[in-house]
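Peer 1: Below is the structure I would like to discuss, written out as structure tokens.
Protein chains: 2
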Amino acid sequence: MKKINFKEKLSKFSDHWSPKVIAELNDYQFKLVKVEGDFVWHSHEDTDEAFIVIEGEMWIDFENDAVHLGEGEMCVVQKGVKHRPRSSSECKIMLVEPRGVINTGESEGELTASNDVWI
Amino acid sequence: MKKINFKEKLSKFSDHWSPKVIAELNDYQFKLVKVEGDFVWHSHEDTDEAFIVIEGEMWIDFENDAVHLGEGEMCVVQKGVKHRPRSSSECKIMLVEPRGVINTGESEGELTASNDVWI
Chain C
1262 MKKINFKEKL
1272 SKFSDHWSPK
1282 VIAELNDYQF
1292 KLVKVEGDFV
1302 WHSHEDTDEA
1312 FIVIEGEMWI
1322 DFENDAVHLG
1332 EGEMCVVQKG
1342 VKHRPRSSSE
1352 CKIMLVEPRG
1362 VINTGESEGE
1372 LTASNDVWI
Chain W
1262 MKKINFKEKL
1272 SKFSDHWSPK
1282 VIAELNDYQF
1292 KLVKVEGDFV
1302 WHSHEDTDEA
1312 FIVIEGEMWI
1322 DFENDAVHLG
1332 EGEMCVVQKG
1342 VKHRPRSSSE
1352 CKIMLVEPRG
1362 VINTGESEGE
1372 LTASNDVWI
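Going down the list, the protein sequences come from chains C and W. Note that my numbering has the first sequence beginning at 1262, numbered continuously upward. Note that my numbering has the second sequence beginning at 1262, numbered continuously upward.
Encoded structure:
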């Protein structure tokens, strides 16, 4: 059992939209991501997905709505719901979702990141 | 889909060792807890449990070790592992664990809190 420090882990990478696993809880993973710019519209057909903002601010666009998240705020995107994360400047977030979830959901493309990359 | 602000939710209660649910992710829950003093030694036989410190500092004692957690740090206690959370002054934390987990695990007693209390 060891502690995990978010700032120390965030110092280990600089790429955007590329989730890094920092911990597992049963078959779920905690992943840190740095986001900047517009991500791709996508959904995850089999799972909800939690976004927790650690530093900075971001938006999650939905088809008829948008949620703004700042530091110390979170949002759970329900399974099957189309969404587009975006941020005008770098934002540092943590995702919580089952092991194996692909970042771009069913919208695979150039923003699809390698999965299960630990730091 | 709505955002959840940790500080706003933390302002809604003041009791210690009594987890309040703020969000669900599939069959998992995010719970805020204010802790102070020594909790009871216990374990959860069927699940891991994540501790994330939002404000303050705390310790988790294990049988042969202890982990100190400050703001922006987390620890996953593996299933079946005996542990005792404690803090000399109030610490505000978030737990992530499956819906239905009882705070005192197999050590039911006066610190056992009501389950599935939402704020």
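Glycine included, each C-beta is placed from N, C-alpha and C at the ideal position.
Less than 7 Å between the beta carbons of Glu1334/W and Val1314/W, yes or no?
Peer 2: Their beta carbons are under 7 Å apart, which means Glu1334/W touches Val1314/W by this criterion.
Peer 1: Interface residues of chain W around Gln1339/C at Cβ under 8 Å?
Peer 2: Going along chain W in sequence order, the residues near Gln1339/C (Cβ under 8 Å) are Met1262.
Peer 1: Indicate whether at least one CB of chain C lies closer than 7 Å to the CB of Gly1333/W.
Peer 2: Judged by the 7 Å Cβ criterion, Gly1333/W is in contact with chain C.
Peer 1: Given that a residue counts as buried once 16 or more other Cβ atoms are within 10 Å of its Cβ, and exposed if not, what is Lys1295/C?
Peer 2: Buried: at least 16 other Cβ atoms inside 10 Å.
Peer 1: Any beta carbon of chain D sitting closer than 7 Å to that of Lys1353/W?
Peer 2: Within the model displayed, chain D is absent; protein chains C and W are what it includes.
Peer 1: For a quick check, are the C-beta atoms of Glu1310/W and Gly1341/W less than 7 Å apart?
Peer 2: The answer is no: Cβ separation not under 7 Å.
Peer 1: List the residues of chain C whose Cβ lies closer than 9 Å to the Cβ of Asn1325/W, in chain order.
Peer 2: Residues of chain C passing the Cβ test: none, with the nearest at roughly 10 Å.
Peer 1: Could you work out which residue in Phe1300/W, Gln1339/W, Asp1276/W, Lys1268/W is closest to Val1357/W when comparing CA atoms only?
Peer 2: Answer by Cα proximity: Gln1339/W.
Peer 1: For a contact defined as C-beta to C-beta under 8 Å, what are the partners of Phe1267/C on chain W?
Peer 2: The answer, in chain order, is Gly1333, Glu1334, Met1335.
Peer 1: Could you tell me which chain C residues have their CB closer than 9 Å to the CB of Glu1285/W, listed as they occur along the chain?
Peer 2: Within chain C, the residues near Glu1285/W are Asp1309, Val1337.
Peer 1: Name the residue from His1277/W, Glu1318/W, Ala1284/W whose alpha carbon lies nearest to the alpha carbon of Asn1266/C.
Peer 2: Asn1266/C has its Cα closest to that of Glu1318/W, out of His1277/W, Glu1318/W, Ala1284/W.
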